[in-house]
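Trainee: Mind having a look at this structure? Questions to follow.
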Amino acid sequence: MKIFHILVLFLSLISAAHANYNHIKLAIFDDPRPDPSCNENSQQFVNSYLSGINTAITVASEMGFSITEREFFHQNNLTSIIQQATNAKLWNPDIIIGLSTSNDFLMSKAFFGDQVILSISATDSAIVNLPTGFYSLGIPDTQAVKTIIKFISNHYPNSNLFITSAAESKESVDFGDLLAQSFKKQFKTKSVIERKFLSDDMNNLDISKFMAGYQKNDVIVIMSIGYDSAIELMNKISANLRPIKPIFITSTDNWGNNLSPKNMNGNYDVYRIDTLSGGEDTKDYKLFLDNYKKIYHAMPKDKISFVTYQAVMSFVDALKKYPHEGISSSTKQNLLNSYLLALKYNPNWYRPPYYMVYKIENKNEIFYEKIH
Amino acid sequence: MRWKSKNNTLTKQIKKAIGNRILFFSIAFMIIIFGLTLYDLSISFKQLRSRIEEQLKPIEDFAIGQAMINNLDTVDLKIQNFNESNNSSFKVEWVRQGVPIHKIVTWYFPFSWIYDYPIGEIAGFQFGYFKVTGNLLSDKSLIYDLLFRLSLFSIITISVICILSPLAKKIPEQLFIDPINHFIDLISNNLAHGDGREDLNPVELQLLERKILSLLTSATDLEKNKAAIELGQLSARLAHDVRSPLAAMEMSLEMLSKKTTSDDLKILKSGIRTIRDIANNVLDRHRNPTIYLESSEQIINTDGNIIRHVLLYPLIEMIISQKKHEWCLQPCEISLTIDSIAKNAWIKTAPNEIKRLLSNLMNNAYDALEKKHIGIIHIILSINNNHISLKLKDNGVGIPADKIESVLNGISLKHFGNGLGLSSAKNYIETLGGSLSISSQVGEGTDVTLLIPQASDISWLPKCISIHKSDICIIIDDDSSMLIYWKERLDNIGIISILFSTYHEAYSWVINNKHLLNSVVFIVDYELTGTDINGLVFIDEFGEKSNCYLVTSYAEEFFLQEAVKKSKVWLIAKSLINEIPLQIYDI
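Read top to bottom, the protein sequences are chains Z and S. Each number in the working numbering comes from the position in the first sequence (counting from 1) with 12 added on. Each number in the working numbering comes from the position in the second sequence (counting from 1) with 144 added on.
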């Protein structure tokens, strides 16, 4: 009889732990705004952002995970970020996703130091220095640098490099520095010039001074916060270099969209390299699409739906495939343990499989090639 | 002439009052402008600070954001861009470590300012502060405002120094002084001569003049306080009391001088005269305090303007005492010769007028003395055909014969005072029915002779003290020397006298001897020490009026003359008791 009671108590504890383990509080902390370069409705974009998460929650539910989600969307200023970060912490989520820019992701260390944080697209090389609970689904820029050098060496083997970075973007600055170092290391005879600009002060930019040292046929790399500011800078540079037709490469992801941008004028060639717009040929995308259509009875309007879907599924799948052995004190810890196990087996867990390259010709964005 | 000295005083006081007010309000205005300038500066600095904070707030957020992601170089680029932009009128520098020192916008000589904009602390991170510097000259609105205030301040300062300050010292007479003087002259003339305009109410004018004089007295007599008043009253009391024994001593000396001639008597007489001068001065100061407010500037007291019977002899003594005091630094010899009849000579006038007249004549005589220490002013008072003859002789420079007429017509001779004095005196004496004449020899001196009609219709003035040979004489006086004096005189003629030093004692005697009242002669001192009632009240209560003689030092006071006239009591001036004979009758 005594042994029976002990057995009942043990099973009850396991059951309670399992129940707790299957219920997840998910906070969405982000600033989802469509890039101004595209004619897209803001609310439509937010809906797309959340529909991906909703799809993932539905799929997770079928997998036995109950997810409660709450949005903590902030505006593009420090006060709003601090306010929403405080609100998010007070809600005490098990995991926070979003933080789409490297700046937000790096800054979040100050607010969410003890949380499990997933960025949907941060790529700065500096994120490797963040605590163990911080992980980004974006491919690190070390890989992007290699991809761009590969692209240049393939298509413009004789060109020098002229790198421009948005100074306020840590990701852009670090990317520019890394690209310059790697390029110099690989092509010792070629020159590299680096310039930094402030997106908000673009109107006051002395473009002649900024472009000093540029030589014809140099490939100009534009590292900016958004596609829109990249286009604005390209317009200015091309106007300054006229009649030279400059070559630009930019790695702005445009939230995975490959819509033709507006505001583009001038005479230049542009290659845009991103990771978010690809992956449509993967099993994950097929599963997403099936479930999305099942829920919304329509095709996704923005690629961001798949990006946010993947972010949620990354930890759901980690819990499913790499359940933590033993009883943990909290769901948060279980999530972290499972995620770390997943990364142990696959360091690029749920990251996009390749880069997509688009060429913009006559103001139209056209798929150019994939780079693995 | 008679208002000239007073007008000078008024002019000075009015100028001083107006000048002080102009200066006060000018300085107050300057202080207000200065305060407003400082207030404007403070507001401008506050507005500047608000502007700085408004412009730096985005940069602060930017800096915090970049600092939190360890992208510090970008902040410097942002600040560099900000400093280079055309809109910023100030320069910013990021101090990464430390705390703000200049927490408010602080001015630095000559045209700089500095302000430390603190950067907020986020999640335990500290980001230092922005050191903001600027140039005052770049803020045009502030400079214009400051220039305007400073210009206004300068203009007012210059106005005060160059215009108002001299103006305060020299108030335009035509604008301020003359109308006031004219007004006061009008009042004075109306009161003194009764020839004012019919539409001016004399009572109102008198009240108005009293008010003006009261204000002037208040304005100038700053030193007067309660203690001084009490001291003055005590002095007056002493002066009054000392005059009675002096009179008794003088009379005794007179009697003694008939029996023997000795130099010692002359010394005693001289000493008594000096003490009387002092007593006269003290008493006169108490009765006419305004006369002494400014030396040689006479201002009348109001009671002295009322026309009444005036005894000329003590009045002359009083003026002589005043002048001796006034000229004590450069004294001259002043002598008075008077015949015994003239001592008891009364005239009808306003005492202030005659005092002023005599004072001016003495001033003229004094002014005419080239060497004061050998100068002599001799005054001779006598009776001449029912007229009192008053002669002032001096051994001064004299007046040329051809100038005498001019002087009498008001034309001034520099060495002979203001001609208006003589002219005015002549006019006044003529209004009394008298005359003024001048005889003079250049280098030898001048004689000014006044002939004034003697008052003859004084109902209360006894020619003698009539006593029946069986009468008892009751003497009431708080001065024992006076009691002794009366007793000796009465004893000499065989009259029984009963002496009292208080009304209370006399009252008791009267109550007990009412049956004797018909054969009693009362000689009563008007004012006794230590009692509220006076001799007139006492006489009115008990005395048979025709046998009552009131003895007083206030015989010339208008109210007393009116009172005794109403009570039908005889009035004897204390200074003249020796001149009043005692007459015995047995009918």
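Even for Gly, the Cβ is constructed at its ideal location relative to N, Cα and C. Note that this is a predicted model, so its numbers are computed, not measured.
1. Taking 8 Å as the cut-off, decide whether the C-beta atoms of Ile383 (chain Z) and Tyr370 (chain Z) are in contact.
2. Closer than 8 Å, CB to CB, is Asn172 (chain Z) near chain S or not?
3. Enumerated in chain order, which unbroken segments of the alpha helix (DSSP H) with a length of 4 residues or greater are wholly contained in the segment 457 to 495 of chain S?
4. Should Leu118 (chain Z) be labelled buried (16 or more other beta-carbon atoms within 10 Å of its own) or exposed?
5. Consult DSSP for Val543 (chain S) and reduce its assignment to one of helix, strand or coil.
6. On the DSSP bridge list, what partners appear for Thr176 (chain Z)?
7. Taking the runs of the beta strand (DSSP E) that are 3 residues or longer, which of them lie wholly in the segment 635 to 670 of chain S?
8. Who are the Cβ neighbours of Val454 (chain S) in its own chain at under 6 Å, not counting the five residues just before and after it?
9. Which whole-angstrom value is the C-beta distance of Ser112 (chain Z) and Ile139 (chain Z), which I expect to be below 8 Å?
10. What do you get for Ala717 (chain S), buried or exposed, if any count of 16 or more other CB atoms within 10 angstroms of its CB means buried?
11. What are the partner residues of Glu81 (chain Z), as DSSP defines its beta bridges?
12. Which whole runs of the alpha helix (DSSP H) in the segment 77 to 157 of chain Z are 4 residues long or more, in chain order?
13. Going by beta carbon distance, what residues of the same chain come within less than 8 Å of Asn528 (chain S), once the five residues before and after it are set aside?
14. Near Ile618 (chain S), which residues of its chain fall below 6 Å by C-beta distance, leaving aside the five closest residues on each side in sequence?
15. Round the Cβ separation of Tyr670 (chain S) and Val654 (chain S) to the nearest angstrom and send it over; I've been treating them as touching at under 8 Å.
16. Output needed in chain order: residues of the segment 220 to 253 of chain Z with a Cβ under 9 Å from some Cβ in chain S.
17. Can you list, in chain order, the residues of its chain whose CB lies under 7 Å from that of Ala707 (chain S), leaving out five sequence neighbours each side?
18. Please list the partners that Asn215 (chain S) has in chain Z, where partner means a Cβ-to-Cβ separation under 7 Å.
19. For Leu351 (chain S) and Val541 (chain S), what's the separation of their Cα atoms in angstroms?
20. Is the Cβ-Cβ distance between Val128 (chain Z) and Leu347 (chain Z) less than 8 Å?
21. Give the interface partners of Ser233 (chain S) over in chain Z, defined as CB-CB distance under 8 Å, in chain order.
22. Closer than 8 Å is the cut-off here; do at least three beta carbon pairs connect the segment 512 to 528 of chain S with the segment 479 to 488 of chain S?
23. Keeping to the same chain, check which residues put their C-beta closer than 8 Å to that of Asp289 (chain S); ignore five residues upstream and five downstream.
24. Which of the three DSSP states, helix, strand or coil, is assigned to Tyr61 (chain Z)?
25. Below 8 Å CB to CB, which residues in the same chain sit around Ser184 (chain Z) once its five sequence neighbours on both sides are set aside?
26. When the Cα of Glu588 (chain S) is compared with those of S:Phe682, S:Ile518, S:Leu534, S:Tyr647, which residue comes out closest?
27. If you reduce the DSSP assignment to three classes, tell me which class Ala699 (chain S) lands in.
28. Leaving out the 5 sequence neighbours to the left and right, which residues in its chain are closer than 8 Å to Ser711 (chain S) when beta-carbon positions are compared?
29. If contacts are defined as beta-carbon pairs under 8 Å, then Asp322 (chain S) and Leu192 (chain S) qualify, I think. What distance do you get, rounded to the angstrom?
30. Which of the three DSSP states, helix, strand or coil, is assigned to Glu52 (chain Z)?
31. Which residues in the same chain as Phe222 (chain Z) place their Cβ atom closer than 6 Å to its Cβ, once the five residues preceding and following it in sequence are excluded?
32. Please classify Gln210 (chain S): is it buried, with 16 or more other beta-carbons within 10 angstroms of its beta-carbon, or exposed?
33. With 8 Å set as the bound, which would you pick, yes or no: does the beta-carbon of Gly179 (chain S) sit closer than that to a beta-carbon of chain Z?
34. Rank S:Lys658, S:Asp623, S:Ser303, S:Ala650 by C-alpha distance to the C-alpha of Val386 (chain S) and give the top, closest one.
35. Looking at Ala134 (chain Z) and Ser114 (chain Z), is the spacing between their C-beta atoms short of 8 Å?
36. Would you mind listing the beta strand (DSSP E) stretches within the segment 160 to 189 of chain S that are 3+ residues and don't spill past its ends, in chain order?
Mentor: Walking through what the data contain:
1. Not closer than 8 Å, so no.
2. no
3. Runs of the alpha helix (DSSP H) inside the segment 457 to 495 of chain S: 484 to 487.
4. buried
5. This sequence places Ile at residue 543 (chain S); Val is not what is there. Reduced to three states, the DSSP call for Ile543 (chain S) is coil.
6. Z:Arg207, Z:Ile234
7. Within the segment 635 to 670 of chain S, the complete beta strand (DSSP E) runs of at least 3 residues are 640 to 644, 664 to 669.
8. Ile491, Thr493, Pro495, Glu700
9. About 13 Å separates the Cβ atoms of Ser112 (chain Z) and Ile139 (chain Z), ruling out a contact at the 8 Å cut-off.
10. buried
11. Z:Leu38
12. Whole alpha helix (DSSP H) segments, 4+ residues: 90 to 103, 114 to 123.
13. Around Asn528 (chain S): Leu595.
14. Cβ neighbours of Ile618 (chain S) beyond the five flanking positions: Ile642, Val664, Phe666.
15. Wrong, their Cβ atoms sit about 18 Å apart, outside the cutoff.
16. none
17. Within its own chain, the residues whose Cβ lies closer than 7 Å to the Cβ of Ala707 (chain S), once the five positions on either side in sequence are excluded, are Leu680, listed in chain order.
18. Lys182, Val185
19. CA-CA distance, Leu351 (chain S) to Val541 (chain S), rounds to 44 Å.
20. yes
21. None at all; the shortest Cβ gap to chain Z is about 16 Å.
22. yes
23. Asp184, Ser188
24. Here Tyr61 (chain Z) sits in helix by DSSP.
25. Ser177, Ala178, Met235, Ser236, Ile237
26. S:Ile518
27. Here Ala699 (chain S) sits in coil by DSSP.
28. Leu680, Ile683, Asp684, Lys689
29. Asp322 (chain S) to Leu192 (chain S), Cβ: 56 Å. No contact.
30. coil
31. Arg207
32. buried
33. no
34. With distances taken between Cα atoms, Val386 (chain S) lies closest to S:Asp623.
35. The answer is yes: Cβ separation under 8 Å.
36. Positions of the beta strand (DSSP E) runs, each at least 3 residues long and wholly inside the segment 160 to 189 of chain S, cannot be given because no such run exists.
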